[in-house]
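Chains as they are written, first to last, in numbering that gives the first Met the number 0: chain A, 0 to 246; chain B, 0 to 244.
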Amino acid sequence: MHGIGAKDDLTGMALSVHGVSKTFVTRPVLRDIDLAVPMGQAVCLCGINGAGKSTLLRIVAGLLRPDSGAVVINGLDIRRQAEAAKQQLGVISHASMVYPELTVFENLTFAARLYGVADRAARIEELLAGTALTAFRHDRAGILSRGLLQRLAIARALLHKPVVLLADEPFTGLDADVSERLVAIFDQFIRGGGTILMTTHDTRMGLRCGHRVVILDKGVLILDMMKDQIDSERFAGDYLSYARSMS
Amino acid sequence: MRALWPGLRAIIIKDIVVELRARQVLPTMVVLGMLIVFILRMAAEPGSTTIGGAVMGVAALWIAFLFSGLLAQERSFAAEQQNGCMDGLLLAPLDAGTIYLAKLLANVIMLTIFEVIVVPIAVISFNLHIAGGWLRLVAVLLLGNLGISSIGTLFSAAVQLTRTRGSLLSIVVLVILMPMMIPATFALLVLFGAMPEEAQNLASVRGSGTLTFVGSFKAAIGYMLAFDAVFVVASWLLFGVVVEE
Numbered sequence: 000m001h002g003i004g005a006k007d008d009l010t011g012m013a014l015s016v017h018g019v020s021k022t023f024v025t026r027p028v029l030r031d032i033d034l035a036v037p038m039g040q041a042v043c044l045c046g047i048n049g050a051g052k053s054t055l056l057r058i059v060a061g062l063l064r065p066d067s068g069a070v071v072i073n074g075l076d077i078r079r080q081a082e083a084a085k086q087q088l089g090v091i092s093h094a095s096m097v098y099p100e101l102t103v104f105e106n107l108t109f110a111a112r113l114y115g116v117a118d119r120a121a122r123i124e125e126l127l128a129g130t131a132l133t134a135f136r137h138d139r140a141g142i143l144s145r146g147l148l149q150r151l152a153i154a155r156a157l158l159h160k161p162v163v164l165l166a167d168e169p170f171t172g173l174d175a176d177v178s179e180r181l182v183a184i185f186d187q188f189i190r191g192g193g194t195i196l197m198t199t200h201d202t203r204m205g206l207r208c209g210h211r212v213v214i215l216d217k218g219v220l221i222l223d224m225m226k227d228q229i230d231s232e233r234f235a236g237d238y239l240s241y242a243r244s245m246s
Numbered sequence: 000m001r002a003l004w005p006g007l008r009a010i011i012i013k014d015i016v017v018e019l020r021a022r023q024v025l026p027t028m029v030v031l032g033m034l035i036v037f038i039l040r041m042a043a044e045p046g047s048t049t050i051g052g053a054v055m056g057v058a059a060l061w062i063a064f065l066f067s068g069l070l071a072q073e074r075s076f077a078a079e080q081q082n083g084c085m086d087g088l089l090l091a092p093l094d095a096g097t098i099y100l101a102k103l104l105a106n107v108i109m110l111t112i113f114e115v116i117v118v119p120i121a122v123i124s125f126n127l128h129i130a131g132g133w134l135r136l137v138a139v140l141l142l143g144n145l146g147i148s149s150i151g152t153l154f155s156a157a158v159q160l161t162r163t164r165g166s167l168l169s170i171v172v173l174v175i176l177m178p179m180m181i182p183a184t185f186a187l188l189v190l191f192g193a194m195p196e197e198a199q200n201l202a203s204v205r206g207s208g209t210l211t212f213v214g215s216f217k218a219a220i221g222y223m224l225a226f227d228a229v230f231v232v233a234s235w236l237l238f239g240v241v242v243e244e
């Protein structure tokens with residue numbers, strides 16, 4: 000297990016989760032989770048439904064308060080230095096977090112204002128081009144297809160040039176073309192020095208973008224390995240069998 | 000902390016643009032408000048220019064503001080729930096209090112637009128004479144507006160996490176708003192020169208107790224001001240706790 004202790008050196012860690020536990024009513028969802036992700040690494044967080052993946056991501060994003068433990072983003076505690084830490088985070092979730100009544104451009108402008116993005120117009124144009132949304136800039140988000148919405152959600156998440164990108168099931172509901180485009184965007188983000196923590200059921204896609212695989216089961220990290228230690232095809236098959244046996 | 004103004008302005012402008020495009024809240028508010036005014040006008044004595052008619056007019060105004068305000072406030076957070084937009088706001092590097100203030104101001108603007116439409120209709124319908132002047136009327140309406148919006152904004156965010164939503168919002172908000180609604184009603188009664196005889200008798204025996212606002216416009220305004228100050232600050236401080244899962 001790649002855990003961090005209180006005395007571990009966190010220098011160079013883009014994201015560290017230390018002793019995080021969470022219980023909903025009487026059901027423990029996360030038990031003493033430790034995870035440290037260095038700069039420029041993409042981690043694929045796997046687990047069956049109810050394993051605690053999304054809860055962990057929400058705690059890392061500062062949307063949910065853990066019962067115990069701490070999350071540090073690029074040296075900033077997500078609870079104690081929330082505003083500064085959130086400036087370092089980009090989040091892609093199940094929901095697009097965009098307003099259907101606003102156009103693609105207006106949604107990005109609104110997000111850019113919230114994050115205080117400098118040179119707003121140029122950055123939005125850059126992201127519209129990067130996500131191939133330029134042709135849809137004047138379309139209202141409410142009429143976009145699932146794939147286009149996901150691209151808009153990605154553009155929104157990357158707008159303020161975050162250091163860490165959290166992605167909750169980013170490939171869900173996407174066709175092969177859009178998934179490929181998403182992998183390319185993630186690759187580019189990593190090459191630019193960014194860090195990704197992503198949950199996915201699609202282990203093949205996850206392994207393509209990830210450097211490291213972590214498996215969460217019943218709130219406990221049961222596996223933490225680098226991708227080069229894994230036979231990707233065999234892992235995907237074994238994981239599928241494991242998931243079926245658990246469900 | 001980043002400057003408060005850019006985030007505040009962004010959320011207010013976004014809320015207004017979304018409402019202008021969706022046209023979900025304001026038309027419903029106006030229809031509800033006019034219904035309340037017309038139903039109470041019909042219930043009042045026909046052709047009444049007496050104190051009774053004015054009292055009914057004051058009641059119609061506050062009932063319309065309360066329920067239309069609640070409608071707007073509930074919608075303002077319901078709209079944030081779709082597509083996980085509330086998470087989008089909470090993920091931004093903003094203090095939760097800034098989100099509250101922005102939502103509060105957007106709700107105050109919506110209720111002000113509503114008041115601009117409904118007050119003249121109520122004034123004409125109930126033949127109200129503004130003895131105290133328009134400026135005083137505007138002051139009472141603004142303070143009432145701020146009070147209703149401050150509580151409504153906080154609790155509409157809280158009830159979005161519950162299943163009962165709207166009904167719970169009405170129950171909680173109406174109870175908490177009571178201490179403001181009483182002086183607010185008396186302020187309008189004084190303004191419209193419509194203090195009922197019983198209230199005038201009560202006013203004549205008032206001392207320094209809890210009913211000092213009865214018959215005194217200044218005291219009623221003071222109560223409303225104090226209520227608004229306490230609840231705006233308290234809601235601003237509590238908002239972060241309320242919206243956290």
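Glycine included, each C-beta is placed from N, C-alpha and C at the ideal position.
Only a predicted model underlies this, so the values are computations on that prediction, with no experimental measurement involved.
Chain-ordered neighbours of GLU168 (chain A) on chain B, where CB pairs are closer than 7 Å: Near GLU168 (chain A) there are no residues of chain B at all, since even the closest Cβ is about 13 Å away, more than 7 Å.
C-alpha gap between THR194 (chain A) and LEU14 (chain A), whole angstroms: THR194 (chain A) and LEU14 (chain A) have their alpha carbons spaced roughly 8 Å apart.
Collapsed DSSP secondary structure at PHE23 (chain A) in the structure displayed: Residue state, collapsed to three classes: strand.
Min CB distance MET197 (chain A) to chain B below 7 Å: Closer than 7 Å: no.
contact_flag[the stretch 58-77 of chain B, the stretch 94-111 of chain B] where n(CB pairs < 8 Å) is 3 or more: As far as the Cβ criterion goes, the stretch 58-77 of chain B touches the stretch 94-111 of chain B, which means the pair count is three or higher.
Where VAL97 (chain A) meets chain B, residues with beta-carbon distance less than 8 Å: Within 8 Å of the CB of VAL97 (chain A), the CB atoms of chain B belong to ASN82, CYS84 and GLY87, in sequence order along the chain.
Local conformation of LEU196 (chain A) per DSSP, three classes: Here LEU196 (chain A) sits in strand by DSSP.
SER240 (chain A) burial status per 10 Å Cβ neighbour count (16 or more: buried): The residue in question, SER240 (chain A), is exposed, as its Cβ has fewer than 16 Cβ neighbours within 10 Å.
Neighbour-count burial assignment, ASN48 (chain A), 16 or more Cβ in a 10 Å radius: By the neighbour-count rule (16 or more Cβ atoms within 10 Å), ASN48 (chain A) is not buried but exposed.
Close Cβ partners of ALA254 (chain A) (< 8 Å) along its chain, the five nearest in sequence each way excluded: This structure does not reach residue 254 (chain A), given that chain A is present from 0 up to 246, and the question cannot be answered.
Beta-carbon proximity check, THR54 (chain A) vs LYS21 (chain A), cutoff 7 Å: A distance below 7 Å separates the beta carbons of THR54 (chain A) and LYS21 (chain A).
Closest residue to ILE170 (chain B) among B:PHE154, B:ASP227 and B:ALA233 (Cα-Cα distance): Proximity to ILE170 (chain B) across B:PHE154, B:ASP227 and B:ALA233 peaks at B:PHE154, based on C-alpha coordinates.
The stretch 209-219 of chain A / the stretch 40-47 of chain A touching (three or more Cβ pairs under 8 Å): The stretch 209-219 of chain A vs the stretch 40-47 of chain A: in contact.
Against chain A: residues of the stretch 12-45 of chain B by CB proximity under 9 Å: Against chain A - using a Cβ distance shorter than 9 Å - the residues of the stretch 12-45 of chain B are ILE12, LYS13, VAL16, VAL17, GLU18, LEU19, ARG20 and ALA21.
When A:PHE234, A:GLU100, A:ILE72 and A:LEU215 are compared against LEU143 (chain A), the one with the closest alpha-carbon: Considering only A:PHE234, A:GLU100, A:ILE72 and A:LEU215, the residue with the shortest C-alpha distance to LEU143 (chain A) is A:GLU100.
Minimum Cβ-Cβ distance from PHE23 (chain A) to chain E less than 7 Å: Here the protein chains are A and B, and chain E is not one of them.
Closer than 7 Å to chain A by CB, SER207 (chain B): Confidence is the limiting factor: at SER207 (chain B) the pLDDT is only 49, short of 50, which leaves the residue's position unreliable and the question unanswerable from this model.
Interfacial residues, the stretch 111-131 of chain A to chain B, with Cβ spacing under 7 Å: Of all residues in the stretch 111-131 of chain A, ARG112, LEU113, TYR114 and GLY115 have a Cβ within less than 7 Å of some Cβ in chain B.
Endpoints, beta strand (DSSP E) assigned at GLY68 (chain A): Looking at the DSSP string, the run of the beta strand (DSSP E) that includes GLY68 (chain A) is 67-72.
Collapsed DSSP secondary structure at ASP171 (chain A) in the structure displayed: Strictly speaking, residue 171 (chain A) in this sequence is Thr, with Asp absent from that position. When secondary structure is reduced to three states using DSSP, THR171 (chain A) falls in the coil class, being assigned neither helix nor strand.
Spatial distance of ARG22 (chain B) from THR97 (chain B) (CA atoms): Per the coordinates, the alpha-carbon of ARG22 (chain B) lies some 25 Å from the alpha-carbon of THR97 (chain B).
Against chain B: residues of the stretch 146-178 of chain A by CB proximity under 7 Å: Those residues of the stretch 146-178 of chain A that come within reach of chain B (Cβ to Cβ, closer than 7 Å) do not exist; the list is empty.
Close-in-space but distant-in-sequence residues of the same chain around SER207 (chain B) (CB under 6 Å, 5 per side omitted): Note on SER207 (chain B): pLDDT 49, under 50, position unreliable in the model; the coordinate value appears next. Taking C-beta separations shorter than 6 Å and ignoring five residues to either side along the sequence, SER207 (chain B) has no partners in its chain.
For GLY209 (chain A), three-class secondary structure by DSSP: In the structure shown, GLY209 (chain A) sits in coil (DSSP, three-state: anything other than H, G, I, E or B).
Beta-bridge pairing of MET12 (chain A) - partner residues as DSSP gives them: Answer by DSSP bridge pairing, in chain order: A:PRO37.
Contact the stretch 157-169 of chain A vs the stretch 113-121 of chain A: 3+ CB pairs below 8 Å: Verdict: yes, contact present.
Buried versus exposed, by CB contacts within 10 Å (16 or more), ILE153 (chain A): With 16 or more neighbouring CB atoms inside 10 Å of its own CB, ILE153 (chain A) falls in the buried class.
Cβ neighbours of LEU188 (chain B) in the same chain (closer than 6 Å, five flanking residues each side left out): Its chain contains VAL57 and MET194 as the residues whose beta carbon lies nearer than 6 Å to that of LEU188 (chain B), once the 5 sequence neighbours on both sides are disregarded; these appear in chain order.
Minimum Cβ-Cβ distance from LEU181 (chain A) to chain B less than 7 Å: Residue contact with chain B for LEU181 (chain A): absent (no Cβ-Cβ distance below 7 Å to any residue of chain B).
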